[in-house]
Amino acid sequence: MEFENHAQRALDTASAQGAQYADVRFGSIRDEHVEIRNGVVAGLSDAESSGFSVRALVDGAWGFASSASLDDDEIDRVAALAVEIARASREVQTHRIDLLPAGKFVDTYKTPVEIDPSTISTSERVNYLLNVDKEMRATPGVTVSRAWIDVWHTDKLFASTEGSRITQNLVQCGSALTALAVGNGDVQDRQYPGTAGLYQTGGYEVINAAKLLENARRTGEEAVALLTADQSPSGTKDIVLSGDQVSLQIHESIGHALELDRVLGWEANFSGLSFATLDKLNTFRYGSDVVNVVCDMTCPKALATEGYDDEGTPAKSIDLIRKGVLVGYMAGRDTAATADVGLAGVVRAEYWGRLPMIRIGNVNLLPGDAGSLDELFDGIEDGIYMESNRSWSIDDKRLNFQFGCQIGYEIKNGKKGRLLKNPTYAGMTPEFWASCDSIGDSSLWVAWGTPNCGKGEPLQTARSCQGASPARFRQVKVGVGYGG
Amino acid sequence: MAVDFVVDQTEVQRALDAALGASKADQTEALLAGSELALTRYTHNYIHESMVERNWQLSVRAVFGKRTGVASTNRLDGASIAAVVARASEMARLAPEDNDFPGLPGDGGPLADAGSVYDEATAELPPEARAEAVAEIVRVMRRSELYAAGYVSSRTDTIAVANSKGVRRFFRSADSAINIKAIGPSSSGYAEGHARRFADLNPDALAQTAARKAVDGADPEVLKPGKYTVILEPPAFREFLGYLSWIAFGAQPLDQGSSFMSGKIGEPVMGANVTIRDDFAHPQGLGIPFDFEGVPRKQIALVERGIARDVAYDSYYAAKLKHPNTGHALPAPNSYGPLPLNIVVDPGSRTLAELIASVEHGVLVSRTWYIRLVDQKQTIITGMTRDGFFLIQNGRIAHGLKNMRFNESIVDALNRCELASELVRSESHVLPAVRIEDFNFTSGTEF
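Residue numbers (numbering that gives the first Met the number 0), protein chains in the order written: chain A, 0 to 483; chain B, 0 to 446.
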């Protein structure tokens, strides 16, 4: 009950100082990381931290403070400081912040875990990655091989002056490998699985599901083969994107565009605004009829799945795009009050000491009906299949984008053909999603996690998911950056 | 009373000594980094977020022969410190040997003096002072019927390193920044300021710069994609150099052959007018005199008058590549190797205003956005212009332009450039504006 006493003390102090609303979050995190690079340990680390933060609302203005010290004096100081900051904010106020009612919740949530990561020793993780690394370097020409495993534990308690008391225990795991080949005047890299590895909620079963060892040699071979592959052409072509590349496309051109704080201008200086303004809700055609996107904070295995977000809102699923039409946004209690939209539980902080803000949750593209990549290739006379992201860039209203992939293959008359290096494609968000005419079915769908999304000032990273299958897009500009 | 590991040097050193004392490893390193960051964000001319974050982290690297392990914690009582040392030692025992690991560095001698880097008034800036700076900015915006978004921040940082070979380092600094995006119905303008002393920042002047750009850029026109003479102001140019630091100016990319500098040390790689250094001691810079292993930072020439000269080293790569350690280690463990964090570009002879006046037909870029690497070996990047993109016609700013995407090789661009004479700090780098010929814009956007 120590946390309960601490929490009540923080809330009482904030209230006594004049806060009309306050919440406090206590947390502890532990990040275990094992990384092998060219046969030696490049990183073997075990980082933990704990502390707390207080958020206070005074006359419609926010204040926030956090600290790593956990004694009564510091709790009093931080709670009072949050109120003092809010009072200062009130001095430059043209808009009064209100909160949408969230309800009172007293609950506990734990990530479902099949294999407790603590049962897999560090030496077992190291030895596995050494074998993965050796497999990659079995191919002559692999200059740098890297493989890593992450295991993240989060314990947190949320308490608010509205009476909520929520305890959560989260486990997230991920792993990846990457092969870099240098030669022929070029540098080429391949990563597996997908672009950022496979990161999901769950225990060590997430690591096992990635099958690094089974795919290490192929990945190394591909990196080396790319050094002598033909340059991917420039022009306008039909393209098929791998599921992990579709995942990144969702993240950048749908996920960020539908964060309501961005829409309302709260991120204008840094992350930017959004073209998907409120006047477009329920009318704007974001994509073709086959494009259906949800934010599902309850999605099993998805990296952002929790029971509640960091302002005590329960996780739920909401529609963002239905049959190609914009129908929703990701909102927090303060922004939702401004825009009159629903909550899914997406307000999250990087850790206990950071300010919670709207973060991309599990923004999933619902599966279509193509049962295989071959079905997606079918009907393409002259196109390109692109896999795994290398570079990603999009303007600060999420319209003009350019993405580069690690590997490409020519598609000729519906068949996968020669290997291509440096494939890139570019476009404008609504036109691009309008060109989507087929999406892989649920057998091809993966809850791809993004472990390192950046947003906010000061910058915070967040863990999101964009579940996706491979998908086909018609008449897209390709080869930009290499003469196109 | 809670112990403050951000500012209390005695307590910081006690924690480091406790870590070293608790270790039975062959060698032990203790790194304590703490910060208190105060930041106030505003948009639509009001404050919507404001915070103070205080945290620290003790990181222990244990060494047994050629084996290393790292563990960290922010609980700094005696039992927690002993526990983190035990975890680091356990990790190290499990690690395979790395034959290239040279052991921890010894005391590298006295530190250079980078001048005063801790201003108490900045470190203790109250939220009311940040709010008042926002109020000043808002007053300027209202005069031009604009609104602003951005932040006002101040921070205190402590870095302390000790190891069992006698290294003992402690550094404390304060820093501050103002960031302004002025927004009008069809345009926006940007200004930023960074200073060790908050009193040296001028919110009113910065706001006027941002506001003028937003007003001048109203009703932007469309520019056809193509190659244009471009002037990148320091915030835009800084992003180019930040990328070069990451992909090319460290010993790791040099060693693995992926840097454009690989195999070219001593050869011309850029225009003869380009000199790029890493200089922690520059009066406008961060002034951190040692790296995260406690080794004194050296001022190094990366590119000198267009010739590739050197890259950044830490103890690992210095031993591996038989090169002097330049003192550029990041905290262990890291995937990137050593990096230069304080880029300084030597100025040219003409002012920014003279550079603009010299352009017959070209563009001015105030700020860039979302730069990403397209091709590492060719140093091709893509990105967008943002918050102040203008057509220059006959030496004068003619009108605002809708933003555009560029694809350009950084190294190629620095073979056809002229640097301005004014040095400006942007984030941790100090650099001038730059004029580049035939800069490649590939597409446009709607705003």
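Just so you know, even glycine gets a beta-carbon here, dropped at the ideal spot from N, CA and C.
What does the Cβ neighbour count give for residue i, buried or exposed, with the cut at 16 atoms within 10 Å?
i: Val105(A); result: exposed
i: Gly149(B); result: buried
i: Gln230(A); result: exposed
i: Glu305(A); result: buried
i: Gly265(B); result: exposed
i: Arg138(B); result: exposed
i: Asp72(A); result: exposed
i: Leu458(A); result: exposed
i: Asn44(B); result: buried
i: Gly182(A); result: exposed
i: Glu9(B); result: The sequence given here places Thr at residue 9(B); Glu does not occur at that position. Burial call: exposed.
i: Lys321(B); result: exposed
i: Arg395(B); result: exposed
i: Gly64(B); result: exposed
Helix, strand or coil for residue i, going by three-state DSSP, please let me know.
i: Phe376(A); result: helix
i: Asp149(A); result: strand
i: Ala336(A); result: helix
i: Asp260(A); result: helix
i: Ala55(A); result: strand
i: Ser103(B); result: Per the sequence presented here, residue 103(B) reads as Leu, with Ser not at that position. If DSSP states are grouped into helix, strand and coil, Leu103(B) belongs with coil.
i: Ala111(B); result: coil
i: Ile177(B); result: strand
i: Phe4(B); result: coil
i: Arg124(A); result: helix
i: Ile435(B); result: strand
i: Ser528(B); result: A query on residue 528(B) cannot be resolved here, the shown segment of chain B reaching from 0 to 446 and no further.
i: His5(A); result: helix
i: Leu351(A); result: The displayed chain sequence assigns Trp, not Leu, to residue 351(A). Three-state DSSP puts Trp351(A) in coil, outside helix and strand.
i: Met427(A); result: strand
i: Asn406(B); result: strand
i: Ser163(A); result: coil
i: Val91(A); result: coil
i: Gln16(A); result: helix
i: Asn363(A); result: strand
i: Arg296(B); result: coil
Pick out whichever of the options has its Cα sitting closest to the Cα of residue i.
i: Gly352(A); options: Glu47(A), Ala60(A), Ala46(A) and Ser66(A); result: Ser66(A)
i: Gly387(B); options: Val410(B), Asp215(B), Gly33(B) and Ile287(B); result: Asp215(B)
i: Lys23(B); options: Gly286(B), Val83(B) and Val344(B); result: Val83(B)
i: Glu258(A); options: Asp333(A), Thr423(A), Gln474(A) and Arg189(A); result: Asp333(A)
i: Glu436(B); options: Val423(B), Ser408(B), Glu426(B) and Leu430(B); result: Ser408(B)
i: Leu75(B); options: Glu144(B), Ala29(B), Pro104(B) and Gly102(B); result: Ala29(B)
i: Ile391(B); options: Leu372(B), Phe405(B), Val410(B) and Val362(B); result: Val362(B)
i: Ile177(B); options: Cys172(A), Val345(A) and Asn268(A); result: Asn268(A)
i: Tyr384(A); options: Leu375(A), Tyr408(A) and Gly59(A); result: Tyr408(A)
i: Thr276(A); options: Ala256(A), Ile206(A), Ile393(A) and Gly140(A); result: Ala256(A)
i: Ala122(B); options: Ala173(B), Arg92(B) and Leu103(B); result: Ala173(B)
i: His32(A); options: Ala101(A), Lys109(A), Arg124(A) and Arg95(A); result: Arg124(A)
Rounded to whole angstroms, how far is the Cβ of residue i from the Cβ of residue j, which I believe are closer than 8 Å?
i: Gly336(B); j: Gly249(B); result: 5 Å
i: Gly284(B); j: Asp278(B); result: 7 Å
i: Phe440(B); j: Gly225(B); result: 6 Å
i: Gln199(A); j: Gly448(A); result: 5 Å
i: Thr381(B); j: Ser390(A); result: 7 Å
i: Leu231(B); j: Met403(B); result: Leu231(B) to Met403(B), Cβ: 13 Å. No contact.
i: Gly367(A); j: Ser437(A); result: 6 Å
i: Gly242(A); j: Ala180(A); result: Actually they do not touch by this definition, with Cβ atoms about 24 Å apart.
i: Phe438(B); j: Phe405(B); result: 7 Å
i: Thr107(A); j: Leu93(B); result: Contact doesn't hold; Cβ gap of about 34 Å is too wide.
i: Val302(B); j: Thr274(B); result: 6 Å
i: Gln474(A); j: Thr235(A); result: 5 Å
i: Glu359(B); j: Asn393(B); result: 6 Å
When every heavy atom of the ligand HEM is checked, does at least one fall within less than 7 Å of the C-beta of residue i?
i: Asp72(A); result: Judged by which ligands are present, the structure shown has none, so any question about the ligand HEM falls away.
>> Report the start-end ranges of each alpha helix (DSSP H) in the segment 230-255 of chain A that is 4 residues or longer and not cut off at the edges.
In response: 242-249
> In chain order, which beta strand (DSSP E) runs of at least 3 residues are fully inside the segment 203-281 of chain B?
Replying inline: 225-231 and 275-277
> Along the chain, which unbroken stretches of the beta strand (DSSP E) at least 3 residues long are found entirely within the segment 122-193 of chain B?
Replying inline: 146-162 and 167-182
> Which runs of the beta strand (DSSP E), 3 residues or longer, sit entirely within the segment 356-396 of chain B?
Replying inline: 360-374 and 379-392
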